[in-house]
Structures are given as structure tokens and as C-alpha cells.
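Sequential numbering of the sequence shown, starting at 2, is according to the numbering used here.
Beta carbons are placed, not taken as given, at the ideal position from N, Cα and C, and that holds for glycine.
This structure is a prediction, so every number in the text was calculated from the model and none was measured.
Down below is the structure, laid out as C-alpha cells.
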Amino acid sequence: MALQSPEAPLRKLMGPGPLDIHPRVYQALTSPVIGHMDPAYFKTLDRVAEGLRQVFQTQNKVTHATPGTGTSGMEACVANLMEPADPVLVCVHGYFGDRVRQMAERQEADVTVIEGEWGRPTDPQRVEEALKAKAYKVITVVHAETSTGVLQPMDDIVRLAKENGVMILLDAVTSLGGVELKTDEWGVDAAYSCSQKCIGAPPGLAPVTFSDRAIEAARSRKHPIRSWYLDITLLEKYWGSAPRAYHHTSSSTLNYAILEALLLIEEEGLQNRFDRHLKNHRALVAGAEAMGLEMLVKPEHRLPTLNTIRVPEGVDEAGVRGYLLEKLNLEIGAGLGALAGQVWRVGLMGYSSSAENVLFFLSAISRALAVQGCKTDLPAGQDAAMSLLDAD
Ligand code: PLP
């Protein structure tokens with residue numbers, strides 16, 4: 002039987018993730034548990050892999066849902082593609098780029114960092130200069146930096162990586178299933194994401210995809226892959242090859258859930274899904290700005306799935322989040338790292354990216370701010386948001 006409140010309160014989740022999930026995904030979570038070597042379950046895994054190939058827009062054979070959260074996917078990509086002394090170029094313009102840097106250093110790779118300003122994407126000119134100065138094996142890029150709400154433009158980086166024969170390792174934790182991500186067309190060699198954001202499932206799985214070139218690189222390493230659990234050549238013996246070999250006790254519960262979420266994506270269509278995310282994001286921004294609030298990121302670099310709103314002067318940032326949670330059961334995210342106390346992070350991802358969530362958020366934050374004596378123009382915000390939500 003499900004936990005009863007207050008142990009499991011029913012919140013509206015509009016932070017950086019997890020987000021609310023579709024009732025069909027909840028239903029899938031109640032499917033009977035099945036053995037991880039059951040032939041019927043292998044069909045589920047095959048279908049999960051197929052669904053993930055569609056959202057990653059890839060033909061990569063090695064594409065699956067690694068156990069663990071997004072960080073597990075990050076570790077899988079870093080540990081398989083990097084070994085001691087490998088020259089790697091790490092682009093950091095927020096909290097998660099820095100996490101990649103830390104992991105690369107733990108692999109004892111020869112790490113060069115392009116440190117960018119938080120709230121802006123990595124400047125391709127700096128990538129070009131770095132690639133001219135030294136030959137790199139891998140460049141790491143955070144596609145959607147959840148700590149800042151920036152979407153990294155990929156065109157120049159993709160072109161430069163191709164020209165220089167460098168492998169791209171992409172963090173797609175807050176982009177996969179919510180914004181365009183063309184793994185094959187862009188020539189991305191390894192990418193990872195999570196189940197709990199735009200995919201629309203609970204946390205616990207990390208979709209990953211590896212190109213043939215990346216798998217070849219993992220197979221021809223000088224040093225063994227330092228992580229046994231996340232060694233892609235071993236994982237693949239369970240996920241990909243026939244006969245399948247036991248590797249770990251795969252969670253059927255989570256894989257049934259992610260499969261249902263992937264089926265929902267197929268039914269909606271990828272382009273429709275991207276359009277929905279963009280429309281709701283634009284409405285939320287228009288509403289917030291009309292109310293008198295300010296976004297952190299310039300319009301051209303904003304991430305449609307995660308909105309960073311500046312905390313108005315004199316407002317108690319945590320007090321607002323506390324009010325929303327206690328009075329309205331609404332979760333939004335705090336600023337992370339260098340932006341702690343300065344912004345709120347409002348997620349519109351997957352099932353949570355909806356017109357009603359946009360409107361609910363605007364009125365909820367308006368009230369939370371009013372309680373602190375900070376007046377906003379809610380009717381103007383609602384009008385601005387609705388004029389975009391009404392449009393076809
Ligand atoms: N990378 C990015 C861009 C993220 O936003 C996150 C989490 O929010 C992670 C990596 C780590 O994912 P997780 O918290 O699921 O381990």
C-alpha cells in the first residue's frame with residue numbers, strides 16, 4: 002500500500018527535478034516485479050533502448066538506461082572515455098560542468114578547463130583557441146546547465162570538434178526529451194541524461210548513448226576502466242548482446258516506468274514535445290517579466306526547460322520557497338553554488354511543462370512575494386502568459 006501523508010505528501014514539483022509524472026507512469030510503477038534475467042523482461046529492455054535511441058536521435062547500438070541517477074550517467078561517460086594522462090578539454094559555466102571537471106580529475110586525465118561566466122554559454126571562440134593550442138581526446142560540454150538555466154548553442158562546438166577530430170562528451174541531463182538534441186548529426190560520442198526530468202519518470206535511471214568510436218576508445222584503453230559497475234563494455238553484455246550475461250540486478254520497476262514515459266514521448270512526437278516546452282517556457286517568462294520579475298539569462302541563451310528568476314532585492318529567498326512548499330505544496334528550486342540565494346530555479350519539464358503549471362506558479366509566487374511586502378502585478382503577468390498560451 003502507498004505511504005500515507007504526511008510521510009509522502011503530494012507536492013506539485015516545479016524545481017530542477019524530479020518533476021511530476023504522468024498517471025500512466027505511476028501505474029507502470031505498480032507492475033509486478035520481474036527477474037532481471039527473465040526473457041519477458043529482456044523485451045522491455047530492448048524497447049527501452051529503442052525509445053532512448055529515438056529521443057537521443059541516434060542509431061548507436063550502445064544506448065541504454067544505466068542504473069543510478071544522472072550523476073551515474075556522467076560517471077559512466079567520464080570513466081569510460083578518460084584515462085590517466087588523456088588530454089581533455091572541460092567547458093565549465095555552472096555547477097554541473099564543474100562536477101564533470103572533478104570527475105575527469107579523479108580519472109587523472111590531463112584536464113584543461115575553459116571557465117566561463119555563470120549565466121552565459123561557453124564561448125566557442127575560446128574552444129577554438131584551446132583546440133588550436135593543443136590536441137585533445139575529448140571535449141566535455143553541458144548542453145543544458147541546470148544551475149544557471151542556459152542552453153549551450155552546439156553548432157560551433159560541433160564544427161570545431163569535427164575539424165579537430167575530438168570526441169564530444171555531452172551532459173544532456175536537462176535537455177533530453179525537452180529540447181532538440183541530435184546525437185548522430187552533431188557527432189556526439191557519449192551523452193548521458195536522467196530519468197526524472199524531461200523524460201518524465203522517477204529518478205533512478207541514467208540514459209546513456211555511446212558512438213562506435215567511443216566504444217572502440219573504451220576497448221582500446223591502456224588502463225582498465227576504473228569503475229567496474231559503469232564499465233560500458235561489461236554493461237553492454239547485459240543490455241546489448243545475446244545471450245545476455247548477468248551484470249547487476251536491473252530494476253524492472255524503474256524500467257517499466259521509463260518505458261511508459263518513452264511511449265508517451267513517442268505518442269506526443271518529439272517535435273511537438275519540444276514545441277510544448279518552448280511555448281510554456283515563453284509564457285512563464287512573459288508572465289514573470291510582466292509582473293516585474295527579472296530573468297537571469299539573456300533571451301537568446303535561455304533554456305526552455307529550466308527558468309532562473311532573480312530574487313528581488315530585500316526578499317528572503319528561502320522564505321519564499323518555504324511559503325510555497327508549506328502553504329501551496331509547490332516545490333521550486335533554490336540557486337546552486339555561486340547563484341545560491343540569488344535565483345529561483347523553476348522547472349517546466351516533461352509532464353510538468355503545462356499551461357496550468359505556468360499559471361499556478363505565477364499566482365503562487367506573486368502571493369509568496371506579497372507576504373514579504375514585495376508587490377508584483379499579477380493581472381499583467383497572467384495576461385502576458387495567457388496571450389502566449391492561447392496562441393496556436
Ligand atoms: N548534470 C546536470 C546538468 C544536472 O542538472 C544534474 C542534476 O540536476 C546532474 C548532472 C546530476 O544528476 P542527478 O542529480 O540525477 O544525479
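Tell me which residue opens and which closes the beta strand (DSSP E) that L170 is part of. For the purposes of this step, residue 170 is identified with residue 169 of the sequence shown, where counting begins at 1. Looking at the DSSP string, the run of the beta strand (DSSP E) that includes L170 is M168 to D172.
For L14, the nearest candidate out of G334, D213 and R368 (CA to CA): Locating residue 14 in the sequence shown gives position 13, where the first residue counts as 1. Of the candidates G334, D213 and R368, the one whose C-alpha sits nearest the C-alpha of L14 is G334.
Using 10 angstroms around the beta-carbon of L4, count the other beta-carbons present and answer buried if the total reaches 16, otherwise exposed. What you label residue 4 is simply residue 3 of the sequence shown in a count that begins at 1. Counting Cβ neighbours within 10 Å, L4 comes out exposed, since fewer than 16 surround it.
Sort A258, A105, E116 and S196 by Cα distance to Q28 and report the nearest one. Position 27 of the sequence shown, counted from the start, is the residue given in the question as residue 28. The option with the nearest alpha carbon to Q28 is A258.
Quick one: complete alpha helix (DSSP H) runs, 4+ long, within the stretch 105–164? 125–134
Could you give the residue range of the beta strand (DSSP E) that holds Y193? Position 192 of the sequence shown, counted from the start, is the residue given in the question as residue 193. Looking at the DSSP string, the run of the beta strand (DSSP E) that includes Y193 is V189 to Y193.
Give me whichever residues DSSP pairs with M296 in a beta bridge. Here residue 296 corresponds to residue number 295 of the sequence shown, with the count starting at 1. In DSSP, M296 forms a bridge with I310.
Does the distance between the C-beta of A3 and the nearest non-hydrogen atom of the ligand PLP fall short of 7 Å? Numbered from 1 along the sequence shown, position 2 holds the residue referred to as residue 3. The answer is no for A3.
Rounded to the nearest angstrom, what separates L264 and G178 at their Cα positions? Taking the first residue of the sequence shown as position 1, residue 264 is located at position 263. Taking the first residue of the sequence shown as position 1, residue 178 is located at position 177. In a straight line, the C-alpha of L264 is about 12 Å away from that of G178.
Under the criterion of a Cβ to heavy atom distance below 7 Å, does V199 qualify as lining the ligand PLP? Position 198 of the sequence shown, counted from the start, is the residue given in the question as residue 199. According to the sequence shown, residue 199 is Cys rather than Val. For the ligand PLP, not one heavy atom lies less than 7 Å from the Cβ of C199.
Would N330 be called buried (16 or more neighbouring beta carbons within 10 Å of its own) or exposed? If you number the sequence shown from 1, residue 330 lands on position 329. Exposed.
State the beta-bridge partners of W345 as determined by DSSP. To locate residue 345, count along the sequence shown from 1; it is residue 344. Per DSSP, I310 and A335.
Which residue from N61, D172, R100 and R346 puts its Cα closest to that of E186? Here the question's residue 186 lines up with position 185 in the sequence shown. Of the listed residues, the one whose Cα sits closest to E186 is N61.
For the candidate residues M296, H224, V112 and G351, whose alpha-carbon lies nearest to that of F275? For the purposes of this step, residue 275 is taken as residue 274 along the sequence shown, with counting starting at 1. Checked all of M296, H224, V112 and G351; the closest Cα to F275 is G351.
Please state if the CB of L379 and the CB of L390 are separated by a distance shorter than 8 Å. In the sequence shown, residue 390 corresponds to position 389, counting from 1. In the sequence shown, residue 379 corresponds to position 378, counting from 1. No, they are not a contact pair.
Is the beta carbon of C92 closer than 8 Å to that of G71? Here residue 71 is taken as the residue at index 70 of the sequence shown, counted from 1. Here residue 92 is taken as the residue at index 91 of the sequence shown, counted from 1. Not a contact, by the Cβ cut-off of 8 Å.
Using three-state DSSP, classify K280 as helix, strand or coil. Reading the sequence shown from its first residue, position 279 is the one you call residue 280. K280 falls in the helix class under three-state DSSP.
Validate contact between the stretch 106–123 and the stretch 189–205 using beta carbons, cut 8 Å, 3 pairs: no
Helix or strand or just coil, what does DSSP make of V209? The residue labelled residue 209 in the question sits at position 208 within the sequence shown. Three-state DSSP puts V209 in a strand.
Mind checking whether the beta-carbon of V174 lies closer than 7 Å to any heavy atom of the ligand PLP? By one-based count along the sequence shown, residue 174 stands at place 173. Under cutoff, so the answer is yes.
Does the stretch 143–154 come within contact of the stretch 80–87, defined as at least 3 CB pairs closer than 8 Å? no
Just confirm the distance between the C-beta atoms of Q383 and G288, as a whole number of angstroms; I'd bet it's less than 8 Å. Walking along the sequence shown from the start, residue 383 turns up at place 382. Walking along the sequence shown from the start, residue 288 turns up at place 287. Confirmed, Cβ separation roughly 7 Å.
Thinking C-alpha only, which one of G74, H37 and R48 is nearest V174? For this step, residue 174 is matched to residue 173 along the sequence shown. Closest option to V174, Cα to Cα, is G74.
Best match in V139, V344 and N281 for proximity to E314 [C-alpha to C-alpha]: Taking the first residue of the sequence shown as 1, we reach residue 314 at position 313. Comparing Cα-Cα distances from E314 to each of V139, V344 and N281, the minimum goes to V344.
I need the boundaries of the beta strand (DSSP E) containing C92, first residue and last residue. As a first step, residue 92 must be located in the sequence shown, where it is residue number 91. That run of the beta strand (DSSP E) goes P88 to V93.
So which of V359, G336 and S252 has the shortest CA-CA distance to K280? Residue numbering aside, residue 280 sits at position 279 when the sequence shown is read from its first letter. Closest by alpha carbon: V359.
Quick one: measure Cβ to Cβ for S242 and G205, integer angstroms, because I've assumed they're closer than 8 Å. For the purposes of this step, residue 242 is taken as the residue at position 241 of the sequence shown. For the purposes of this step, residue 205 is taken as the residue at position 204 of the sequence shown. That belief does not hold up - the Cβ atoms of S242 and G205 are roughly 24 Å apart, past 8 Å.
When the Cα atoms are used, what is the spatial distance from A41 to A50? Within the sequence shown, the letter at position 40 stands for residue 41. Within the sequence shown, the letter at position 49 stands for residue 50. Going by the C-alpha atoms only, they are around 15 Å apart.
Quick one: what's A66 bridged to in DSSP? Locating residue 66 in the sequence shown gives position 65, counting from the first residue. Paired residue(s): P208.
Determine the contact status of M168 and V143, defining contact as a CB-CB distance below 8 Å. As a working mapping, residue 168 is identified with position 167 in the sequence shown. As a working mapping, residue 143 is identified with position 142 in the sequence shown. No, they are not a contact pair.
Cβ shell of Y96 (< 6 Å), same chain only, five flanking positions each side left out: Along the sequence shown, one-based indexing puts residue 96 at 95. The answer, listed in chain order, is S148, L337 and G338.
Is M15 near the ligand PLP, going by C-beta to nearest heavy atom under 7 Å? What you label residue 15 is simply residue 14 of the sequence shown in a count that begins at 1. No, since every heavy atom of the ligand PLP falls outside the 7 Å radius drawn around the Cβ of M15.
Should A77 go down as buried or exposed, given a rule of 16 or more other Cβ atoms within 10 Å for buried? In the sequence shown, counting from the first residue as 1, residue 77 sits at position 76. Label assigned to A77: buried.
Please state whether the Cβ-Cβ distance between R25 and E261 is less than 8 Å. As a first step, residue 25 is located in the sequence shown; it is residue number 24 there, counting from the start. As a first step, residue 261 is located in the sequence shown; it is residue number 260 there, counting from the start. Contact: yes.
Range of the contiguous alpha helix (DSSP H) that encloses D384: Here the question's residue 384 lines up with position 383 in the sequence shown. First-last of the alpha helix (DSSP H) with D384: L379 to D391.
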